[in-house]
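Taking it in order: structure first as structure tokens, then the write-up.
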Amino acid sequence: MSRVALLMGVSRYAAGLDPLPGVQKDVEVIKRVLKQPRFRFESVQCLCDRPLQEMQEAIEQFFKQRSADDQLVFLFCGHLLTEADGNLYFATPSTTLNEQGAIVKAQTIPASTVQEAMNQSLAKQQVFILDAYSQSKLDEPVIAESTFDLAASLDLATHLGGAGRVILAASNISQPTLTPTALDLWTYSRYLSEGIESGAADTNDDGMLTAADLHHYAAQKLQVAAPALKSQLYGSAETAQLTLLEVPNNDPQLHYRKVLEIAPIALDASGTPMLEGLPLLKDLRQSLGVSPQEAEALEAQVLRPTREHHQRTALYQEQVTALARSHDIADPQVRQTLKQLQQALYLNDHDVALLTIAPSLVGQQRQQVHYQNNLAQYQQVLLWAMQRQYPLREGDRTMLHRLQQTLQLGDDDVKTIEANITAQAEQFTASGLSGNPEVEPTNPPDSPPASAPSLTSPAPEALSSLPASLPLEASETAPADDSRTKEAILQRLLSLNEPVTPTLAPTPPPETHLRPIPVREEPLPILPSAEPNLMDRVRRSASNYQALIIPALLLAAIIGLLAAILPSSNRPNWLKFGQTPPDPAAAQQLNLAGQKKAQAGYNKAAIGDYDQAIEKNPNDVAAYTNRGVSQHRLGDTGAAIRDYEKALKLDPKSALLHSNLSYAYYDRQNYDKALEAGNQAVALNGSLAQAHINLANARSKKGDYEGATRDYAQAIALRPPAPILAGAHNNRGNVQLAINNLRGAIGDYRTAIRLKPDYADAYYNLGLAQQSSGDGAAAIRSLRMAATLYQRQGKETLQKEATDRANTLQQSNVQSLSESPSTVAQWR
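All residue numbers for the sequence shown refer to the numbering used here, where the first residue is 1 and numbers rise by one.
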């Protein structure tokens, strides 16, 4: 009996078919696994991106030269195409479509040809693994169902089935091939490889793997990672249950893994899937003799499907949020786009339902809050008008009606406000409280703090030139209809009708009882400059307001109020006289000039440009952000924080700003605030590597090494630019060094150096780790290299420190890291 395999994949295609860059890696991985001696394959032939004729000949020869008791494994990864006649075709690198979009069949391998070759083979145990994609065009109608299963319509058993043959089909999904290559997502083939190599697919612990075992393992993993995928197993039930491979069933790592497979999974504070019960798992792996590094790798493998699902939903949410900024989610074209994205990510309707409606709900909530604020502002002006005279004068009521239209308030709501005020005034008068004309406004228990905007007087700057109301003396008594009594009553009502401004509770930092890591306070250079704000344009209203004769007090109140509550772009023209309009174009030019100076190292000069940009456009988020970056680079973190906070008032959902704010607080050693801002940044944009790094830095200072390691790993998985990626590895190495995981620390430092060859800090830290591990000679080489790089970079203090440590180590070669309080890892 012979056990042989033919692995075939196509990743590169001619025009008309989307490339599948992951196919070659999938095929190489399963080739590596099957070629291991313990699986006893006599031959594992691998063909990737080969010409059509070579592929056809390989298939024919593979099935032809076999005996009855041979075990055959045939894998195909690539596009599976269909024609109007219902026939199937395997695409090859030369496959093209004609001008009408139909397949040029001569450049494909018909499924009937493959089926004929398999049927003519004498081998009675044939396993066909089909990890194929059936491409559809983006302008075709989307599939309404939550599960995109094309297997039933294609009837693969008819096209490819036969006696003694079992077919393991990944899904046969009609896929628009939109899955982003930036995501590290595993395929059916990769999970098959994992199930074979680890032995985890042997669920009954008999040491035997069948085709059914392998399929069920991969299908179960994909069901978690991509719920809309429905893998298929059909063909010969007898062949599916025959032993295909042998695996050991007494491996401690396998035992530990199977316990992990049934462990519950929960989300941590940042929303990342994590295994529960880690202390118990730690005891188990110690009793089994599984090392921490092996355990960590196994835990990551078990968590991969859940984390992949998290990546898919996070990407979907990110795209929904982006679309919601400029489109109505309920628009049919937008829904079509989202449905295509849902299919490409293999998410079902349950996965995306709440994510899709979330922006609409948030928008509705914001509109409700905005409307309630407008009502409160209207109420304020109404009270001032009533204070002047009640019943209201016709001119006052006309102006109030204009204000109602400007604030877009409903008639019923406005009438309710006036009725409530009148009722409270009458009740106040009837209660006899007006007998004491001295009224002192007081805040109720739930009133906003002193720093919150008060509504007891509209727009102070608009009223500064007006005479103040005469206060009533305590000894005065006045009749019930006295205007000053009405004024006192209304002032009392003003104090009782102040709205309460809700505030968001900060994200609490994770609790930890670990030791804080002793590290040098050196920041990571990861503050990117913000792009100029090109969207801030002043829109002039076309409305032509008719001149009205109204009381000066009410006019000033309304103008001051609207000037305070309406953005400049939404103010009526009659509010803009006498103002210098913003000049976004000039601000943009100043912003760009400042960025050029900052990039050249002239941060003080750049700040001057940013100052002028803000004068030109006070709502320029980019100018505040960039000025904060330059302030930070000059060491003025207090000024940087103030600028970031000003920018956040204009753009509270900016993950970049929250990340920069976390960095600034970190440099000020306010690690609680750094942690809070870092959590906000990650919550707003989980794909921003800098945010994960800054959050990890704060966690490490709080002693949360496990959380810091996790965030560094997430930043690394996002594959940021090499300098930032190197910094993430360096900082994660520092955490590993702090918990005495010297092997992990050394690995991270070496990776950082490979990414950034002139990374002096990484060389210095590598020397510390090597010294701690007892490799004095290597430590001396690393420290001397660090000293050389520090010298080139003009960092004389650090150069001396590295040189002194190398000299001391060379002399004694026995000094321990703990012997010197100055021995700390360099953080960047």
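Think of the CB as a built atom: it goes at the ideal place given N, C-alpha and C, for glycine as much as any other residue.
Because the structure is a prediction, the values reported are computed rather than measured.
Would you kindly work out how many angstroms separate the C-alpha atoms of residue i and residue j, rounded to a whole number?
| i | j | result |
| --- | --- | --- |
| A647 | L798 | 35 Å |
| A452 | H350 | Here A452 scores only 31 on pLDDT, less than 50, and its place in the model should not be relied on; the value that follows carries that caveat. The straight-line gap from Cα to Cα measures roughly 41 Å. |
| E418 | N373 | 16 Å |
| E246 | D205 | 11 Å |
| E394 | H370 | 28 Å |
| Q835 | Q125 | Absent from the model: residue 835. The displayed extent of the chain is 1 to 828, so no value can be given. |
| Q811 | N734 | 26 Å |
| L34 | F41 | 7 Å |
| Y712 | A212 | 38 Å |
| P720 | Q53 | 42 Å |
| Q343 | A228 | 8 Å |
| A898 | I614 | For residue 898 there is no data in the structure shown, the boundaries of the chain being 1 and 828. |
| K604 | S630 | 7 Å |
| E521 | G703 | Note that E521 scores a pLDDT of 28, beneath 50, so its modelled location is shaky and nothing firm can be said. |
| S193 | Y133 | 19 Å |
| A715 | A708 | 11 Å |
| Q301 | G164 | 33 Å |
| Q232 | A762 | 49 Å |
| R792 | A600 | 18 Å |
| L81 | L47 | 20 Å |
| A111 | T158 | 10 Å |
| P264 | A717 | 24 Å |
| N731 | L742 | 14 Å |
Do residue i and residue j have their CB atoms nearer than 8 Å?
| i | j | result |
| --- | --- | --- |
| T803 | A787 | yes |
| V4 | S43 | yes |
| A728 | L688 | no |
| S189 | I30 | yes |
| N626 | P582 | no |
| F90 | G78 | yes |
| G9 | V27 | yes |
| N685 | Y666 | no |
| M118 | D69 | no |
| N694 | S659 | yes |
| Q377 | L400 | no |
| S662 | A639 | no |
| T203 | Q241 | no |
| Q45 | L20 | no |
| A745 | A769 | yes |
| P76 | L122 | The sequence given here has Phe at residue 76, not Pro. Not in contact: F76 and L122 (Cβ atoms no closer than 8 Å). |
If residue i sits next to residue j, beta carbons under 8 Å apart, how far is it from one beta carbon to the other, in whole angstroms?
| i | j | result |
| --- | --- | --- |
| D758 | L789 | 6 Å |
| Y749 | L766 | 4 Å |
| P248 | L288 | Not really, about 14 Å apart at Cβ, beyond 8 Å. |
| P37 | S94 | Not really, about 36 Å apart at Cβ, beyond 8 Å. |
| E299 | L260 | 6 Å |
| T92 | I109 | 6 Å |
| L156 | Y191 | That belief does not hold up - the Cβ atoms of L156 and Y191 are roughly 20 Å apart, past 8 Å. |
On the three-state DSSP scale, how would you describe residue i?
| i | result |
| --- | --- |
| V682 | helix |
| S287 | helix |
| S2 | coil |
| A330 | coil |
| I129 | strand |
| E426 | helix |
| E246 | strand |
| R642 | helix |
| A605 | helix |
| L20 | coil |
| R165 | strand |
| T108 | strand |
| A269 | coil |
| V10 | coil |
| S465 | Confidence is the limiting factor: at S465 the pLDDT is only 30, short of 50, which leaves the residue's position unreliable, though a coordinate-based value still follows. Coil, per DSSP. |
| L490 | Reliability fails at L490, whose pLDDT of 41 lies under 50, so the model's placement of it is uncertain and no value is given. |
Return the first residue and the last residue of the alpha helix (DSSP H) that residue i is part of.
| i | result |
| --- | --- |
| V224 | 211-225 |
| S193 | 188-198 |
| T398 | 394-407 |
| F90 | Per DSSP, F90 belongs to no alpha helix (DSSP H); it is in the beta strand (DSSP E), 88-91. |
Give the range of the beta strand (DSSP E) segment to which residue i is assigned.
| i | result |
| --- | --- |
| T82 | 71-82 |
| G235 | 232-235 |
| L47 | 43-48 |
Is residue i near the ligand MN, judged by its Cβ being under 7 Å from some heavy atom?
| i | result |
| --- | --- |
| L400 | The ligand MN is absent from the structure shown, which contains no ligands of any kind. |
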